[in-house]
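S.K.: Last residue of the sequence shown: 1529 (this note's numbering), numbering continuous.
Each residue gets a CB set at the ideal place from its N, CA and C atoms; glycine is no exception.
Remember, it's a predicted structure, so these values are computed and weren't measured experimentally.
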Amino acid sequence: MYDILSLGEMLLPDLRNIADEHDIAHKGLKKQDLAYKILDYQAVNPEKFKGVKSSSDNKPKEQTEAKPPRVKKAAPIRKPKEERTTETAKDAPKEEKKEARKDRTRNDRPRKESPKRVAPEGEKDATERPKSKERVSRDDRMAKREGNDNKEEKKPSDRPAKDNNPKTNSNNPNHKQLTPEEKEARDKERADREAERAERDAERKKAEETKRAKREAEEKLINYLELEGVVTTQGVLEVISDGYGFLRSADYNYQPSPDDVYMAPNQIRQNGLKTGDTVRGNIRPPKEGEKYFALINILSINGRTVEFVKDRVAFHHLTPLFPDEKFNLEYQNDNYSTRIMDIISPIGKGQRGLIVAQPKTGKTNLLKDVANAISANHPEVYMIILLIDERPEEVTDMARNVKAEVVASTFDEPADKHVKLANIVLEKAKRLTECGHDVVILLDSITRLARAYNTVQPASGKILSGGVDANALQKPKRFFGAARNIENGGSLTIIATALTETGSKMDEVIFEEFKGTGNMELQLDRKLSNKRIYPAIDIVSSSTRREDLLLDKMVLQKMWVMRNHLADMNPEEAMNTMLNYMKGTKNNDEFLVSMNG
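#1: Is the separation between the beta-carbon of Gly1213 and that of Ile1228 shorter than 8 Å?
#2: DSSP on Arg1314, reduced to helix/strand/coil?
#3: Closer than 8 Å is the cut-off here; do at least three beta carbon pairs connect the stretch 1164-1183 with the stretch 1347-1363?
#4: Let me confirm a value: Thr1293 is counted as buried when at least 16 other C-beta atoms fall within 10 Å, else exposed. Which label applies?
#5: Select from Gly1368, Ser1181 and Val1302 the residue whose C-alpha is nearest the C-alpha of Phe1240.
#6: Where do the ends of the alpha helix (DSSP H) carrying Glu953 lie?
#7: Cα separation between Thr1328 and Ser1341?
#8: Taking just the CA atoms, how far does Asn1417 sit from Leu1253?
#9: For the pair the stretch 1259-1267 and the stretch 1302-1311, tell me if three or more CB-CB distances fall below 8 Å.
#10: Given this structure, state the Cα-to-Cα distance separating Lys1459 from Tyr1268, to the nearest angstrom.
#11: Going by DSSP, what residue range makes up the alpha helix (DSSP H) through Met1514?
#12: I'd like the ranges of any alpha helix (DSSP H) spanning at least 4 consecutive residues and lying wholly in the stretch 1103-1177.
#13: Would a C-beta distance cut-off of 8 Å place Gly940 and Ala975 closer than the cut-off?
#14: If you follow the beta strand (DSSP E) that Gln1389 is part of, which residue opens it and which one closes it?
#15: Can you grab the Cα-Cα spacing for the pair Glu1433 / Tyr1176, in whole Å?
#16: Report back the beta-carbon spacing between Leu1299 and Thr1429 to the nearest angstrom; my notes put them in contact at under 8 Å.
#17: Would Glu1453 pass as a contact of Val1288 if the rule is Cβ separation under 8 Å?
#18: Is the Cβ-Cβ distance between Ile1469 and Ile1276 less than 8 Å?
#19: What are the boundary residues of the alpha helix (DSSP H) that includes Met1296?
#20: Under DSSP, the beta strand (DSSP E) around Ile1471 begins and ends at which residues?
#21: Could you have a look at Leu937 and say whether DSSP puts it in helix, strand or coil?
#22: By Cβ distance below 6 Å, which residues in the same chain neighbour Glu1345 in space, the five residues on each side in sequence not counted?
#23: Can Ala975 be considered in contact with the ligand MG, in the sense that its beta carbon sits closer than 7 Å to one or more heavy atoms?
#24: Mapping the DSSP letters down to three states, classify Pro1324 as helix, strand or coil.
#25: In terms of residues, what are the limits of the beta strand (DSSP E) holding Ser1232?
#26: Pick helix, strand or coil for Thr1210, following the three-state DSSP scheme.
#27: Mark Gln1199 as exposed unless 16 or more other C-beta atoms lie within 10 angstroms of its C-beta, in which case mark it buried.
#28: Determine the direct distance from the alpha carbon of Met933 to that of Leu971, and round the result to whole angstroms.
#29: Measure the C-alpha to C-alpha separation of Lys1447 and Pro1218 and round it to an integer number of angstroms.
#30: Which same chain residues, not among the five before or five after Arg1244, have their C-beta less than 7 Å away from its C-beta?
#31: Check this for me: beta carbons of Ala1354 and Leu1381, under 8 Å apart or not?
#32: Return the chain-ordered ranges of every alpha helix (DSSP H) run that is complete within the stretch 1340-1413 and spans a minimum of 4 residues.
#33: Using only the alpha-carbon positions, how far apart do Met1486 and Ile1471 sit?
#34: Taking the continuous beta strand (DSSP E) assigned at Tyr1194, which residues delimit it?
#35: Starting from the Cα of Asp1439, find the closest Cα among Glu1150, Gly1398 and Asp1256 and give me that residue.
#36: Runs of 4 residues minimum, wholly inside the stretch 1410-1449: which ones carry the alpha helix (DSSP H) assignment?
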């Protein structure tokens, strides 16, 4: 059977061959660790090593009797192996136990009573000295390999009998003490081993942390994927100069908000999107490090498919025509405002109408009635009410009493917000018109919008009367001039209010600039409103260009007779006459039939 000395004399390939013969795993083990593993396996399976002779079995009998075998005592015992050593001692064969017991009995006897301890000097030199030298050299080699890791933890009983006898050590001339170089090498080896152990522990800890982080990331990904594509949203695209864009929410008047959805530049380019497009699609929650929700896929653009939008024609390339399809403004029998407008100054799809009003003439209520009439009689029309520089309470009243989208910017907000809001509403209306929809914008008021443009306009050095910059009215003109009826489908109708006689020279200049641009004009009279006559419409001064395209011949003939009848009257008499005729009728058709002509 093998012992620690015989295995220590062998080379590492020999130890590996022994391990392979007995199917002992040895991958990555050092020489000393492999030797201890073979000894452990031998202690558990002694029958497989009966035919093997160790170096201690080949020693002379005298030496065996004189000193105990060094199988368990030559090398220092490592702390992790203590349990294995105890198991080895319990499972050893009975013969080996008896032999060890005899050796201990002999060693316990007094040395003077042992005749075999006295030997001739020549014999001692011939036998003990070579063996002592051999043992010392082996001990040195084993001490260097092991580094004396557990030297302090050794018990006196674990040391060889030779170390317990100070006389033997002192009488042995070949016994050597460790030199400083050897101690330094031993300490260095110990430090290297501790560093290697610490590095292994760090690598193991790092691997565990990586595995745990990966598992947590997988769990988070599973939870994230469960929410991806579940929510559908809709918003108006605003393209930033860098190429990407955001879907703005109508709940925040198309201003930056927490509900904004991010759109990547490639999504915008591939689908041919522009500012103002109404996009509907699925979104995902923001990932780690992101701020906004992101759009995954597009379901529709402006109520059309993605393929349809890719082939659309730009708004400025569409052919404008005169309005030829009239809006029906009758929706209540007792609402005379819209009934009078419907025959005096009819509104068609694509109309560019201007309601000229003095302060406190009821223009906001008139816009509200027009909006309700259009929404009731023409549900296919998309209507936006744009309130610029208005009072907050009027915004709330309009939003609650009108079935349309209300976009507002109150008077306590800066002018640049008025301008930005008007631009995005106009771009949205243009994109819907490009896709063939009929859009109506009710603007209150274009005078205040022009004031806002004049405020944000950089100074050009050319100032008109009233403090209006020469280039400030170009953008509000472009806004008002976007109204048109499109050939082969689609229209954009803009009905705006303009303030007059406010005492401001700027308002007069703005009104004069817009006076000739519209194709429908409705005049309100302050004298009628002061007498509480509503609607305060100046019938003689109000009209629509090319109304023959909107009204049939019978209505045109009746209106021609009525206008001749009212031409010599002042606004108050004309309105009272009209209201007297209408109060006994249910609708305009009945009113026209009741006229004599």
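M.R.: According to the structure shown:
#1: Within the sequence shown, residue 1213 is the residue found at index 281, counting from 1. Within the sequence shown, residue 1228 is the residue found at index 296, counting from 1. Their beta carbons are under 8 Å apart, which means Gly1213 touches Ile1228 by this criterion.
#2: Locating residue 1314 in the sequence shown gives position 382, where the first residue counts as 1. The identity of residue 1314 in the sequence shown is Tyr, whereas the question assumes Arg. Correct three-state label for Tyr1314: strand.
#3: yes
#4: Taking the sequence shown and counting its residues from 1, one reaches residue 1293 at position 361. Buried.
#5: Residue mapping note: residue 1240 aligns to position 308 of the sequence shown, counting from 1. Of Gly1368, Ser1181 and Val1302, the residue nearest in Cα terms is Gly1368.
#6: Along the sequence shown, read from residue 1 onward, the residue named residue 953 stands at position 21. First-last of the alpha helix (DSSP H) with Glu953: Leu944 to Glu953.
#7: For this step, residue 1328 is matched to residue 396 along the sequence shown. For this step, residue 1341 is matched to residue 409 along the sequence shown. Cα to Cα, the separation comes out at about 12 Å.
#8: As a working mapping, residue 1253 is identified with position 321 in the sequence shown. As a working mapping, residue 1417 is identified with position 485 in the sequence shown. Taking the straight line joining both Cα atoms gives about 5 Å.
#9: yes
#10: Taking the sequence shown and counting its residues from 1, one reaches residue 1459 at position 527. Taking the sequence shown and counting its residues from 1, one reaches residue 1268 at position 336. Looking at the two C-alpha atoms, the distance is approximately 18 Å.
#11: Translated into positions along the sequence shown, residue 1514 becomes position 582. Note, Met1514: alpha helix (DSSP H), Pro1503 to Met1514.
#12: 1112-1159
#13: On the sequence shown, residue 940 is found 8 positions in, with the first residue counted as 1. On the sequence shown, residue 975 is found 43 positions in, with the first residue counted as 1. No; because the gap between Cβ atoms is not below 8 Å, this pair is not in contact.
#14: On the sequence shown, residue 1389 is found 457 positions in, with the first residue counted as 1. Here Gln1389 belongs to no beta strand (DSSP E), and DSSP marks it neither H nor E.
#15: To locate residue 1433, count along the sequence shown from 1; it is residue 501. To locate residue 1176, count along the sequence shown from 1; it is residue 244. Going by the C-alpha atoms only, they are around 46 Å apart.
#16: What you label residue 1299 is simply residue 367 of the sequence shown in a count that begins at 1. What you label residue 1429 is simply residue 497 of the sequence shown in a count that begins at 1. Right, their Cβ atoms sit about 7 Å apart.
#17: Residue 1453 sits at position 521 when you count from the first residue of the sequence shown. Residue 1288 sits at position 356 when you count from the first residue of the sequence shown. Yes, the pair counts as a contact, with Cβ atoms nearer than the cut-off.
#18: As a working mapping, residue 1469 is identified with position 537 in the sequence shown. As a working mapping, residue 1276 is identified with position 344 in the sequence shown. In this structure, Ile1276 lies closer than 8 Å to Ile1469 by Cβ.
#19: Reading the sequence shown from its first residue, position 364 is the one you call residue 1296. First, the residue type needs correcting, since residue 1296 is Thr and not Met in the sequence shown. Note, Thr1296: alpha helix (DSSP H), Lys1295 to Asn1309.
#20: On the sequence shown, position 539 is the one that residue 1471 refers to. Premise fails: Ile1471 is in no beta strand (DSSP E) and is neither H nor E.
#21: Position 5 of the sequence shown, counted from the start, is the residue given in the question as residue 937. Leu937 falls in the helix class under three-state DSSP.
#22: Numbered from 1 along the sequence shown, position 413 holds the residue referred to as residue 1345. Result list for Glu1345: empty, nothing under 6 Å.
#23: The model depicted lacks the ligand MG and carries no ligand whatsoever.
#24: Within the sequence shown, residue 1324 is the residue found at index 392, counting from 1. Looking at Pro1324 - three-state DSSP - the assignment turns out to be helix.
#25: One-based indexing of the sequence shown puts residue 1232 at position 300. Start and end: Phe1225 to Ile1233.
#26: Along the sequence shown, read from residue 1 onward, the residue named residue 1210 stands at position 278. Here Thr1210 sits in strand by DSSP.
#27: Here residue 1199 is taken as the residue at index 267 of the sequence shown, counted from 1. Flag for Gln1199 reads buried.
#28: By one-based count along the sequence shown, residue 971 stands at place 39. By one-based count along the sequence shown, residue 933 stands at place 1. Using only the alpha carbons, I get a separation of about 9 Å.
#29: The sequence position of residue 1447 within the sequence shown is 515, counting from 1. The sequence position of residue 1218 within the sequence shown is 286, counting from 1. Distance between the alpha carbons of Lys1447 and Pro1218: 50 Å.
#30: Your numbering for residue 1244 matches position 312 in the sequence shown. Excluding positions up to five away in sequence, the list reads Glu1366 and Cys1367.
#31: Mapped onto the sequence shown, residue 1354 falls at position 422. Mapped onto the sequence shown, residue 1381 falls at position 449. Yes, they are a contact pair.
#32: 1347-1366, 1378-1388 and 1406-1413
#33: For the purposes of this step, residue 1486 is taken as the residue at position 554 of the sequence shown. For the purposes of this step, residue 1471 is taken as the residue at position 539 of the sequence shown. Taking the straight line joining both Cα atoms gives about 20 Å.
#34: In the sequence shown, residue 1194 corresponds to position 262, counting from 1. Looking at the DSSP string, the run of the beta strand (DSSP E) that includes Tyr1194 is Val1193 to Met1195.
#35: Position 507 of the sequence shown, counted from the first residue, corresponds to residue 1439. The shortest C-alpha separation from Asp1439 is found at Gly1398.
#36: 1437-1447
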